[in-house]
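Residue numbers (my numbering): 1387 to 2196.
Here the structure is laid out as structure tokens; the discussion comes afterwards.
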């Protein structure tokens, strides 16, 4: 690879050729020159992080780091979220300025260093042997836990099991770890360690220890314990290569800088970053100086990492510095947790994070002369941490409940769930989302426009997905984006040549016999059911399902208006809804299931799918809210989770959460930031209700829409014995409780779907009070109708992709 290009100089050999060529094209167009000065290790993904100087035309040079991302829009999105979500003071102090540039099929992040002096702010790898390093490291750990999470993020706890959490740490995200557990399991097999063993004997320990593989698999009794993790903003891959510390004129832990934020989590376990950082230090000790071939040295090092003693006199001289560093990390984390109100739980969660991170290191390419010995040492460290966890948990349980599940796979939250990305083709999903974003921008270029926050969100969302597009699609959509920001006289009404304009294509016209529906002066009269189209796929853009007669009456009244509902047993209605963003009216099918959806049984959903195959299907109705919640508020959850009630009276969750499809979540995020007409639609619904339909209401009723959080689901027996407040003790993000949402989502894997739930009280839900059900469902329907009218855009899938999904092909 040449290094004498006038724009790109230095050693570019570690950078893949296609990424180098893409950057070369960009630099020629932009005029930005980049000079590589060297490389350093960074994280464990294998991607090189270059030290570089770059200079734009008519600007001064900047020095910092270059990090390339290949086909990994999720990492770029995480970097952007890390900057967007950090408290302003923390961002200013510890997140260096960053620029991200799209190179077509790749991204490059240019991260500046404070003061532009790489020598004055090196990675921890270069300063970890400096005198007083442990004191400065303590400042860093406390700041990461406390300052980054002050005030604590909303919903700063989540529920999993011990096995699920260990799997989350070891397996990671599939885009970061392609073959998790391969090295770990190969080593275990070579050393005669099986997942069926409860205990193992290891060279560095005198007595049997719990088998980490049994914990990882969920077969160990203590691994089937539910625990509530304290979560917040975390780096996700914190190590001695991607944290910088100023050294001029002296070490300054308070001025640390974080780089390589592609593994950032807004709900990461707070104990993970400190323990991962500590083990990255330990790994460097093993590479550089500490000889674990001496079993006593290896054992003592494990002991000081698991439980450092305040009395340093008991440590061997060669391990004294290690003990000081380990003690600083543990104590600083505990003190920060105490300031946030959970210091008593920090120790137990720390031991689990230490065990999980030790297993992760045992599964990595450690770049050490004796990989097998090092792998065995990290495995022993994991076993010792679990041994201490089991001992302490028996004395101070982590609000734990044993379950009969073999494992709760909370790692599913770090992998795309079966519904997180609708359809089998990831690139096609990106095309749909990007086309919808471009449509929003162009459609509003001459209209009322977007508020600044919406525009920012749209552009961020587009950028996070665009690298999965082919070049032609990317170019076409980019032209539309430019048109959106052009002045009115520059925006042509003529379509650009070759552009795909099927953003919301007209479907086959719906037969409209006079007996079925007449539309005049904005009035829609409902049809007799026998006049509905009999065939599948005929004219349905959106299907809306309710599962209780009172809820269905409310839905119909909202969508069809006053006088359209009588004491009818008809369970189907049609409406044509004005939707300017789609460029034509939406054909909407309203229906009522004869019964509530039950586990593994959703005939109403199946019937809709077989008859009409609608692109989008929404569930509208009611759910139980919090004890102190307000009647009629609406919850639009991001995901649904399923709970079971055991015979012992305990509640457990054994299955992965179901996420509302990404395309719908994006549009809902735009809707929530707009000046919506929800209050007006809800008010008109209440005014049009007949006498006796509604309960007593306050004069100033203004229901709220809750977009953040989840709906908890379970069978009727669960709802008879458990309240939402009971479940929220384990997960504060739960906003509603019903029997249907999880089942509904699982039956809509290959289409767009979402749930709109009006909140009712437990008493009303148990008694079946039709007045409260009618009111709450009407508010939920008002939210859906307003969303469909003003924000919803359906992007038609590739016909071949649809054919594949319908026939079950790959």
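Glycine included, every Cβ here is placed at the ideal spot set by N, Cα and C.
Is DSSP giving residue 1633 helix, strand or coil here? In the structure shown, the three-state DSSP call for residue 1633 is coil.
If the criterion is Cβ atoms closer than 7 Å, does the pair residue 2081 and residue 2158 meet it? The answer is yes: Cβ separation under 7 Å.
May I ask you to report which of helix, strand or coil DSSP gives residue 1513? In the three-state reduction of the DSSP assignment, residue 1513 falls in the helix class.
In the DSSP assignment, what are the bridge partners of residue 1612? Looking at the DSSP assignment, residue 1612 forms a beta bridge with 1547.
Three CB pairs or more closer than 8 Å across the stretch 2008-2015 and the stretch 2112-2126: Put simply, the stretch 2008-2015 touches the stretch 2112-2126. At least three CB pairs are less than 8 Å apart.
Taking a contact to mean a Cβ-Cβ separation below 7 Å, would you say residue 1529 touches residue 1408 in this structure? Their beta carbons are not under 7 Å apart, which means residue 1529 does not touch residue 1408 by this criterion.
C-alpha distance - residue 1670 paired with residue 1584, whole-angstrom precision: Residue 1670 and residue 1584: Cα-Cα distance of roughly 31 Å.
Considering only the beta carbon of each residue, do residue 1440 and residue 1465 sit closer than 7 Å? Contact: no.
In the stretch 1470-1510, which residue ranges form an unbroken beta strand (DSSP E) of at least 3 residues, counting only runs that do not cross its ends? Considered as a whole, the stretch 1470-1510 harbours 1484-1488 and 1492-1498 as its complete beta strand (DSSP E) runs of no fewer than 3 residues, in chain order.
In the DSSP output, what is residue 2138 paired with across the bridge? Under DSSP, residue 2138 forms a beta bridge with 2002.
Please name the residue in 1550, 1556, 1551 and 1621 whose C-alpha comes closest to that of residue 1471. Nearest C-alpha to residue 1471: 1621.
So, for residue 1350: in the same chain, excluding its five sequence neighbours on each side, which residues have a beta-carbon less than 7 Å away from its beta-carbon? The requested residue 1350 does not occur in the structure, where the chain is confined to residues 1387 to 2196.
Residue 1415, enclosing beta strand (DSSP E) - first and last residue: Premise fails: residue 1415 lies in the alpha helix (DSSP H), 1403-1416, not in any beta strand (DSSP E).
Starting from residue 1649, follow its DSSP beta bridges and name the residues at the other end. Under DSSP, no beta-bridge partner is assigned to residue 1649.
DSSP-derived helix/strand/coil call for residue 1396: Correct three-state label for residue 1396: coil.
Of the choices 1533, 1979 and 1416, whose alpha-carbon is the least far from that of residue 1443? Of 1533, 1979 and 1416, the residue nearest in Cα terms is 1416.
Which residues share a DSSP beta bridge with residue 1426? When DSSP reads this structure, residue 1426 sits in a beta bridge with 1435.
As assigned by DSSP and simplified to three states, the class of residue 1861: It is helical.
What separation, rounded to the nearest whole angstrom, lies between the Cα atoms of residue 1678 and residue 1746? If I take the Cα positions, the gap works out to 19 Å.
Within 10 Å of its beta-carbon, does residue 1966 have 16 or more other beta-carbons around it, so buried, or fewer, so exposed? Residue 1966 should be labelled exposed.
For residue 1856, name the three-state secondary structure that DSSP assigns. Residue 1856: coil per DSSP, three-state reduction.
Classify residue 2171 as helix, strand or coil using the three-state DSSP reduction. Residue state, collapsed to three classes: helix.
For residue 2062, collect the residues of the same chain with a Cβ closer than 6 Å to its Cβ; drop the 5 residues on either side in sequence, then sort them by chain order. Non-local C-beta neighbours of residue 2062 in its own chain, meaning closer than 6 Å and more than five positions away in sequence, comprise 2172, ordered along the chain.
Among 1590, 1514 and 2140, nearest to residue 1674 - alpha-carbon criterion: Per the C-alpha coordinates, the member of 1590, 1514 and 2140 positioned closest to residue 1674 is 1514.
Backbone secondary structure at residue 1454 - three-state DSSP: In the displayed model, residue 1454 falls within a strand according to three-state DSSP.
With residue 1720 and residue 1733 assumed to form a contact (beta carbons below 8 Å), what rounded beta-carbon distance in angstroms separates them? The Cβ separation is near 7 Å, so the contact holds.
What runs of the alpha helix (DSSP H), each 4 residues or longer, lie entirely inside the stretch 2054-2129? Uninterrupted alpha helix (DSSP H) stretches at least 4 residues long and entirely within the stretch 2054-2129 occur at 2064-2074, 2102-2107 and 2110-2114, given in chain order.
Cβ separation of residue 1749 and residue 1548, assumed to be a contact under 8 Å, to the nearest whole Å: Between residue 1749 and residue 1548 the beta-carbon gap is near 18 Å, outside 8 Å, which marks them as no contact.
Pick out whichever of 1706, 1780 and 1648 has its Cα sitting closest to the Cα of residue 1518. Of the candidates 1706, 1780 and 1648, the residue whose Cα lies closest to the Cα of residue 1518 is 1706.
Sequence ranges, beta strand (DSSP E) only - wholly within the stretch 1995-2039, length at least 3: List check, beta strand (DSSP E) in window: 2002-2010 and 2025-2028.
Nearest to residue 2138 by CA position, among 2000, 2073, 2034 and 2085, is which residue? Among 2000, 2073, 2034 and 2085, the Cα nearest to that of residue 2138 is on 2000.
Please list, in chain order, all residues of the same chain as residue 1714 whose beta carbon is under 6 Å from its beta carbon, the five residues on each side excluded. Counting only Cβ-Cβ distances below 6 Å, and skipping sequence neighbours, we find 1520, 1523 and 1524.
Sort out for me which residues DSSP pairs residue 1958 with in a bridge. The secondary-structure analysis by DSSP pairs residue 1958 across a beta bridge with 1977.
Going by beta carbon distance, what residues of the same chain come within less than 7 Å of residue 2132, once the five residues before and after it are set aside? In chain order, 2044 place their CB closer than 7 Å to the CB of residue 2132, counting only its own chain and leaving out the 5 sequence neighbours on each side.
Our contact map puts residue 1619 next to residue 1668 with C-beta atoms below 8 Å; I'd like the distance itself, whole angstroms only. With 8 Å as the limit, residue 1619 and residue 1668 do not qualify as a contact, their Cβ atoms being about 25 Å apart.
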